[in-house]
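Shown next, in C-alpha cells, is the structure this report addresses.
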Amino acid sequence: MAVRTYREALNEAMREEMDRDESVFIIGEEVGQYNGAYKVTKGLLDEYGEWRVRDAPIAELGFAGLGVGAAMAGLRPIVEFMTWNFALLAIDQVVNSAAKMYQMSGGQYHVPIVFRGPGGAALQLAAQHSQCPDPWYSYVPGLKVVAPATAKDAKGLLKSAIRDDDPVVFIESELMYNSVKDEVPDEEYVISLGEAEVKREGGDVTIVAHSKMVHQSLEAARKLSTDGIEAEIVDLRTIRPLDVPTIIESVKKTNRVVVVEEGWPMCNVGAQVVDDIQREAFDWLDAPIARVSGLDVPMPYARNLEKLVFPNADHVVAAARHVCYAD
Amino acid sequence: MTGEPTESTAAGTEEVAEDAASGNGRPRAEEPDFLGMSREESVELLRLMVLSRRFEEKTAEVYQMGKIGGFCHLYIGQEAVAVGAISALRSDDYVITAYRDHAQALVRGMSPDSVMAELYGRVDGCSKGLGGSMHLFDESRNFMGGHGIVGGHLPLATGIGYAIRYRDGDQVCLCFFGDSVVNIGSFHESLNMAARWRLPVIFLLENNSYGMGTDIKRVAAVEQLVDRGRAFEGLTSLAVDGMDVRAVRAATGEAVARARSEKTPSFIEARCYRYMGHSMADPSHGTYRTREELEKWRSDDPILSFRRLLIDSGRLDEEEYEDMDRTAIEQAEAAAEFAEQSPFPDPSTMYDTIYSDAYPHGIGRRDAWRKELS
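These protein sequence lines map, in sequence, to chains R and P. Residue 158 in our numbering sits at position 154 of the first sequence; the count goes up by one each step and never skips. Residue 335 in our numbering sits at position 312 of the second sequence; the count goes up by one each step and never skips.
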C-alpha cells in the first residue's frame with residue numbers, strides 16, 4: 005500500500021471515476037487551468053479537456069444548478085465549491101432542486117451529483133471563511149452527507165459518492181488536504197456510504213466524531229490511555245444516513261459517551277447523535293453524554309481567540325474524564 | 024464566441040414597438056400568415072389552446088370545490104405562448120418551466136387525466152401525487168418539471184443544455200419563466216454561462232406584466248425586459264407578441280434552428296397577460312391592476328383571434344370549432360372524473376422515492392413511533 009495525502013486520494017478518486025465513466029465531469033471555480041484552488045483537481049484539465057473539467061464563473065448558484073440539470077439529463081457532475089462557505093449562495097439548488105427532485109417527480113428524475121469542497125475553519129480566515137456546513141445539509145431528506153477523516157476513507161467514499169444515484173454533499177478540509185496522509189490500497193476499492201468505522205477500540209468510553217475531530221479524538225485517546233482510560237473512537241464518516249447501529253453497539257459496550265465536532269453547539273450533528281443514543285440506548289448509559297464543540301460564536305480573526313474557539317484533544321480528554329467520573 | 028446579438032426578422036418579431044391600438048406594448052405582425060403550416064397543423068395549435076383553456080377553467084371550478092389543495096396558478100390568457108413555443112420542438116427536445124405549468128404539460132402531450140390527477144394529489148398523477156400543481160414531470164416526454172422557486176430552474180435548463188453539448192446532441196432545451204425572474208441572480212448567471220459556452224437553451228420569458236401583484240415596471244430598472252438579454256454576447260434576444268401563437272412559434276422555431284446548428288442560446292420575451300389572479304388565492308384585479316386593463320387584454324384573446332384568423336382564411340368552419348371546443352370540455356370533465364376515482368398514494372410508499380437505493384439502517388428510523396405508517 006502506498007501512502008497518500010488526503011488531497012492526492014481525492015484526486016485519484018476523481019481520476020479513476022472519470023476513466024471508468026464518461027458521464028462524470030467536474031465544474032467549479034479554478035478547477036481547470038489553475039489546477040484547483042487547493043490543487044485537488046490538479047492535472048485533470050490536461051487529461052480530460054474543458055468539457056469534463058470546466059472552469060466556472062464565480063456564480064455558485066448558477067453552476068450548482070447547472071450540475072443538477074446536467075444530472076437530470078443523464079450526466080454525473082462533480083460540483084466543486086472552493087469552500088463550503090461560498091456554497092451558501094447555492095444552497096437553494098442543493099436543497100430545493102437536488103434533494104427534492106427524485107421525490108417530487110414521483111421517482112422519475114434521479115440527481116446523481118456530488119457537491120464537494122472543504123468545510124470548517126483553516127487558520128485565521130475569520131468569520132465568513134470558517135464554518136462547518138455539516139448540520140445544514142444533514143437536516144435535509146434526499147441528501148447524503150459525507151465527511152471523511154483519512155485519505156483512505158476520502159478516496160473510497162468519494163468513489164462511492166460519484167457512483168451514487170442521489171445527491172451527495174462531500175465535506176473535505178483545508179487543514180487535512182496536506183497534513184493527513186495514510187496508507188491507501190493499491191487495488192481498486194470503494195467504501196459504502198452510511199457506514200461508520202471504529203477507528204480505535206476501547207472499553208471505557210465511546211468518542212463519536214467525524215472529519216478533523218477524529219484526529220483530535222485519537223490524540224485524546226492516547227492521552228487517556230496513559231491514565232488507564234481506554235476510549236473507543238467511532239468515526240461517523242457519513243453523517244446522513246447516520247450509522248446509528250454502530251454507535252449504539254459501542255455505547256452498549258462502554259456505557260459512556262462523548263460526542264465531538266468542530267462546529268457550533270446549537271442543533272449540530274452531535275445533538276442528533278445524542279438524541280439517537282437516548283432513544284435507543286438510554287438504559288445502557290452510566291452517565292450523561294458530554295458534547296465537545298466549537299464555541300457558540302462567529303469565528304474571530306485574532307489568533308488567540310480563534311485558538312480558544314477550536315475544540316482540541318485536551319477538551320476531549322476533559323469531557324471523557326468527566327463522563328468516566330475520573331476527576 | 025460567434026454570433027452577435029441580433030434581432031429576428033420573422034413575421035411578428037420585427038420590432039419592439041408600441042401597438043397603437045392596444046397600448047399594450049406588444050410588437051405586432053403586419054401581415055398574418057401561417058408560417059408554412061398545413062391546415063391541420065394550424066388547426067392543431069388552436070385545439071391545444073382550447074384544450075388548455077377548458078382544462079384550466081375546469082381546474083378553477085374543482086379548486087373552488089376544494090378538490091385541489093395548495094397553490095394553483097392558472098394559465099388562462101397565456102395559451103399562445105406555451106402552444107406556439109412547444110409546437111416548434113421535436114419530441115426529443117427538453118422542456119422545463121416554473122410553477123404555472125399545467126398548459127405546458129398538456130401541450131407537450133401529457134394526458135389531461137394524468138395532469139388533473141396530479142392536481143388532486145392522486146397516485147395516477149404524472150408525479151404520482153407527490154408533486155402537485157407546481158411539480159408536473161414526465162420523463163418519457165423530457166418534461167423536466169414544474170419548479171416552484173422563482174428563477175430556480177434556469178440553472179437547471181443551462182445544465183440540460185450542457186448535457187446536450189457534452190454528448191454532441193442536437194436537441195434543445197426550452198425554458199419558460201415569468202417576468203419577475205429578470206431581477207434574480209440566477210437569470211444572469213444562467214444566461215451568462217449559456218452564452219459563454221454556447222449551450223442550446225431557449226430562455227422564454229412570459230411577460231404578463233406582474234410578478235404576483237407587483238407591476239414589473241415598479242421593480243425593474245429597465246424599460247424593455249428584452250434588453251436584459253443584450254448584455255450577453257452570443258445570445259440572441261428578441262421580443263414577440265405573446266398573444267399571437269404564430270409569432271411565438273416563429274420566434275421559437277428560429278431559436279431552435281440556431282440552437283441546433285450553431286449551439287447558441289436565445290432569450291425571447293413573449294408579451295402576454297394572465298386573466299386570473301397570480302394563484303387561485305388571489306383576485307384577478309383590484310389592488311394592483313384595473314378591470315379596464317384586464318378587459319382590454321381579454322378583448323384581444325389569443326384563442327378568439329386565432330380562431331377568427333382560421334375561419335376567415337377558410338381553414339376552419341364554425342361547426343369544426345364547436346366540435347373542438349366540446350371535445351376539450353369533455354376531456355377536462357373526464358380528467359376531473361378520472362382524478363376523482365384515482366386512489367390516494369398508499370402511506371406505505373412514503374419513503375419509496377426519497378433515495379434511489381436501499382437506505383442502510385432504515386430510512387425513517389426516527390419516524391418509527393408513528394404507527395400509522397407501518
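Backbone N, C-alpha and C define an ideal beta-carbon position, used for all residues, glycine too.
I believe residue i touches residue j by the beta-carbon criterion, under 8 Å. Please report the beta-carbon distance rounded to the nearest angstrom.
i	j	result
residue 138 of chain R	residue 175 of chain R	6 Å
residue 165 of chain P	residue 202 of chain P	Contact doesn't hold; Cβ gap of about 25 Å is too wide.
residue 299 of chain R	residue 276 of chain R	Not confirmed; about 20 Å, so no contact.
residue 164 of chain R	residue 79 of chain R	With 8 Å as the limit, residue 164 of chain R and residue 79 of chain R do not qualify as a contact, their Cβ atoms being about 18 Å apart.
residue 330 of chain R	residue 159 of chain R	About 38 Å; that fails the 8 Å criterion.
residue 294 of chain P	residue 206 of chain P	Contact doesn't hold; Cβ gap of about 17 Å is too wide.
residue 242 of chain P	residue 111 of chain P	Rounded, the Cβ-Cβ distance is 31 Å, inconsistent with contact.
residue 5 of chain R	residue 152 of chain R	About 17 Å; that fails the 8 Å criterion.
residue 122 of chain R	residue 87 of chain R	5 Å
residue 326 of chain P	residue 73 of chain P	6 Å
residue 109 of chain R	residue 154 of chain P	6 Å
residue 271 of chain P	residue 132 of chain P	Not confirmed; about 18 Å, so no contact.
residue 46 of chain R	residue 53 of chain R	Wrong, their Cβ atoms sit about 15 Å apart, outside the cutoff.
residue 175 of chain P	residue 101 of chain R	6 Å
residue 294 of chain R	residue 326 of chain R	6 Å
residue 84 of chain R	residue 120 of chain R	6 Å
residue 297 of chain P	residue 100 of chain P	5 Å
residue 146 of chain P	residue 368 of chain P	5 Å
Against residue i, what residues of chain P qualify as contacts under a CB-to-CB distance less than 9 Å, listed in chain order?
i	result
residue 32 of chain R	Chain P residues near residue 32 of chain R: none, gap ~13 Å exceeds 9 Å.
residue 29 of chain R	185, 189
Considering only DSSP beta bridges, list what residue i is partnered with.
i	result
residue 162 of chain R	Looking at the DSSP assignment, residue 162 of chain R forms no beta bridge with any residue, so it has no partner.
residue 58 of chain R	R:31
residue 344 of chain P	For residue 344 of chain P, which the question treats as bridged, DSSP gives no partner whatsoever.
residue 238 of chain P	P:233
residue 84 of chain R	R:32, R:120
residue 386 of chain P	BP columns for residue 386 of chain P are empty, so no partner.
residue 224 of chain P	P:196
residue 248 of chain R	Note: residue 248 of chain R sits in no beta bridge, so no partner.
residue 149 of chain R	R:173, R:244
Output, in chain order, the set of chain R residues within a Cβ distance shorter than 8 Å of residue i.
i	result
residue 180 of chain P	73
residue 375 of chain P	111
residue 216 of chain P	60, 61, 63, 66, 67, 70
Under 7 Å between beta-carbons, which chain P residues line up against residue i? List them in chain order, please.
i	result
residue 248 of chain R	384, 388
residue 100 of chain R	172, 175
residue 112 of chain R	160, 162
residue 96 of chain R	172, 175
residue 165 of chain R	Per Cβ cutoff of 7 Å: no residues; residue 165 of chain R is ~12 Å from chain P at best.
residue 79 of chain R	186, 189
residue 49 of chain R	None at all; the shortest Cβ gap to chain P is about 15 Å.
Strictly below 8 Å CB to CB, what residues from chain P border residue i?
i	result
residue 152 of chain R	Going along chain P, no residue has its Cβ under 8 Å from residue 152 of chain R, so there is no contact; the nearest lies around 17 Å.
residue 55 of chain R	188, 189
residue 21 of chain R	None at all; the shortest Cβ gap to chain P is about 16 Å.
residue 199 of chain R	383
What are the boundary residues of the beta strand (DSSP E) that includes residue i?
i	result
residue 260 of chain P	259-264
residue 294 of chain R	294-296
residue 119 of chain R	118-122
residue 319 of chain P	Looking at the DSSP string, residue 319 of chain P is not in any beta strand (DSSP E); the run it does join, the alpha helix (DSSP H), is 314-321.
residue 166 of chain P	166-169
residue 7 of chain R	6-9
residue 173 of chain P	Segment: none, residue 173 of chain P is in no beta strand (DSSP E) and carries neither H nor E.
Starting from residue i, find everything on chain R with Cβ-Cβ shorter than 7 Å and list it in chain order.
i	result
residue 153 of chain P	107, 108, 110
residue 380 of chain P	169
residue 212 of chain P	63, 65, 66
residue 168 of chain P	109
I need the boundaries of the alpha helix (DSSP H) containing residue i, first residue and last residue.
i	result
residue 199 of chain P	Careful: residue 199 of chain P lies outside any alpha helix (DSSP H), inside the beta strand (DSSP E) at 196-201.
residue 292 of chain P	Note, residue 292 of chain P: premise wrong, no alpha helix (DSSP H); beta strand (DSSP E) at 289-294.
residue 252 of chain P	Careful: residue 252 of chain P lies outside any alpha helix (DSSP H) and carries neither H nor E.
residue 72 of chain R	64-76
residue 268 of chain P	268-285
residue 158 of chain P	Per DSSP, residue 158 of chain P belongs to no alpha helix (DSSP H) and is neither H nor E.
residue 138 of chain R	138-142
Since residue i meets chain R, which of its residues come closer than 9 Å, beta carbon to beta carbon?
i	result
residue 208 of chain P	63, 65, 66, 93
residue 134 of chain P	Those within 9 Å of residue 134 of chain P in chain R number zero; the least Cβ separation is about 15 Å.
Check whether the Cβ of residue i lies closer than 7 Å to any heavy atom of the ligand MN, and answer yes or no.
i	result
residue 155 of chain R	Of the ligands one can find in the structure shown there are none, so the ligand MN has no counterpart to examine.
Are the C-beta of residue i and some C-beta of chain A separated by less than 8 Å?
i	result
residue 230 of chain P	Any reference to chain A falls outside this structure, whose protein chains are R and P.
At which residue ranges does the segment 71-138 of chain P contain complete alpha helix (DSSP H) runs of 4 or more residues, listed in the order of the chain? Correct list: 102-109, 125-130.
Output the residue ranges of the beta strand (DSSP E) runs that lie fully inside the segment 159-241 of chain R and measure 3 residues or longer, sorted by chain position. Runs found: 172-176, 185-188, 201-204, 209-213, 235-239.
Beta strand (DSSP E) runs wholly inside the segment 257-326 of chain R, at least 3 long, in chain order: Listed in chain order, they are 261-264, 294-296.
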